[in-house]
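Read through the structure below, which is laid out as structure tokens, and then see the notes.
Have a look at this one:
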């Protein structure tokens, strides 16, 4: 059973893009209208499918569309949107200071993640009648975990801001008790409205991500010690936030007949594969062999896609 929002994630360089695009292609060729979206700054999705992809949706073949989210572009749009909202609210005396603070915020840690999150939610909410499935090729694990857990974290923070704003407005209205003009101005609070809209968006995102019938996260890893440990920690965090973990896809397994040169490497992998089966067996482990050459283009992806059908079981 495929789910409407399917995420592929894991440590950088494990083959997330290959798995995400192969899975999306398989769905599309079975008649499922599929959008594959890259949130990875490396943006190797276009290379994998052998077709230019940018910040606007492009059709790749029947039933398959692609999109790469440009973090820098989204951050710039995000700050411009905030600036536009704020300039209609604040007094002219502090406009320049607001602009200066937003320029600083644009360069601060987390600005791009916040912007990507808005675009990410927009894609999920607007999938509507256009697509049956949206497949996300995500950034390396740490970035993705911060992105997916933002609704839970920021919901608490914004609730605190709303309480503070409500208290401040109550005090201002009390102080303006005998000032009719000021009372009229204080009837509406655009800042409270903005905070409320953000809170509602976080709640909608949380509802989508934690709906086990709609959303699922598949991990991709190589049979090596560090990816196994990282995947174990990431699974624990997603389950803590009630995000459904699907299959664990083990990529680049050296074939047994690879020859003497790779025999010791294969033996090392076998130990890690046993650990993977033990730790992640309950999620369903899908194993993909190391291929002779890099994956590039739809024909190569189609070969891999058949092995990935197992993640729907």
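Numbering (the UniProt record's numbering), first residue to last: 1 to 313.
Where is the CB? At the ideal position from N, CA and C, for every residue including glycine.
Is residue i near the ligand FMN, judged by its Cβ being under 7 Å from some heavy atom?
{"i": "residue 150", "result": "With respect to the ligand FMN, the structure shown offers nothing to examine, as it has no ligands at all."}
Buried or exposed: where does residue i fall if 16 or more other Cβ atoms within 10 Å of its Cβ makes it buried?
{"i": "residue 160", "result": "exposed"}
{"i": "residue 16", "result": "buried"}
{"i": "residue 119", "result": "buried"}
{"i": "residue 171", "result": "exposed"}
{"i": "residue 298", "result": "buried"}
{"i": "residue 79", "result": "buried"}
{"i": "residue 271", "result": "exposed"}
{"i": "residue 22", "result": "buried"}
{"i": "residue 274", "result": "exposed"}
{"i": "residue 317", "result": "Any property of residue 317 remains undetermined from this structure, which presents the chain solely from 1 to 313."}
{"i": "residue 166", "result": "exposed"}
Going by beta-carbon coordinates alone, are residue i and residue j separated by less than 8 Å?
{"i": "residue 291", "j": "residue 307", "result": "no"}
{"i": "residue 190", "j": "residue 276", "result": "no"}
{"i": "residue 133", "j": "residue 34", "result": "yes"}
{"i": "residue 314", "j": "residue 229", "result": "Only positions 1 to 313 of the chain appear in this structure, which leaves residue 314 out of reach."}
{"i": "residue 37", "j": "residue 137", "result": "yes"}
{"i": "residue 146", "j": "residue 113", "result": "yes"}
{"i": "residue 284", "j": "residue 254", "result": "no"}
Of all the options the options, which has the alpha carbon lying nearest to the alpha carbon of residue i?
{"i": "residue 73", "options": "121, 200, 131, 115", "result": "115"}
{"i": "residue 200", "options": "125, 280, 259, 24", "result": "125"}
{"i": "residue 169", "options": "148, 192, 151", "result": "192"}
{"i": "residue 296", "options": "5, 25, 8", "result": "25"}
{"i": "residue 69", "options": "198, 281, 139", "result": "139"}
Helix, strand or coil for residue i, going by three-state DSSP, please let me know.
{"i": "residue 291", "result": "coil"}
{"i": "residue 10", "result": "strand"}
{"i": "residue 216", "result": "strand"}
{"i": "residue 137", "result": "strand"}
{"i": "residue 241", "result": "coil"}
{"i": "residue 30", "result": "coil"}
{"i": "residue 311", "result": "helix"}
{"i": "residue 252", "result": "strand"}
{"i": "residue 59", "result": "strand"}
{"i": "residue 271", "result": "helix"}
Can you find a C-beta in chain D that's less than 8 Å from the C-beta of residue i?
{"i": "residue 40", "result": "The displayed structure is made up of one protein chain only, and chain D is not part of it."}
Count Cβ pairs between the stretch 244-251 and the stretch 216-227 that sit closer than 8 Å; are there 3 or more? yes
Should the stretch 148-164 be called in touch with the stretch 205-217, which here means at least 3 C-beta pairs below 8 Å? Touching, yes, given that three or more Cβ pairs across the two stretches are closer than 8 Å.
Three or more C-beta pairs closer than 8 Å, one from the stretch 257-273 and one from the stretch 233-244: is that the case here? At 8 Å Cβ cutoff, the stretches do not touch.
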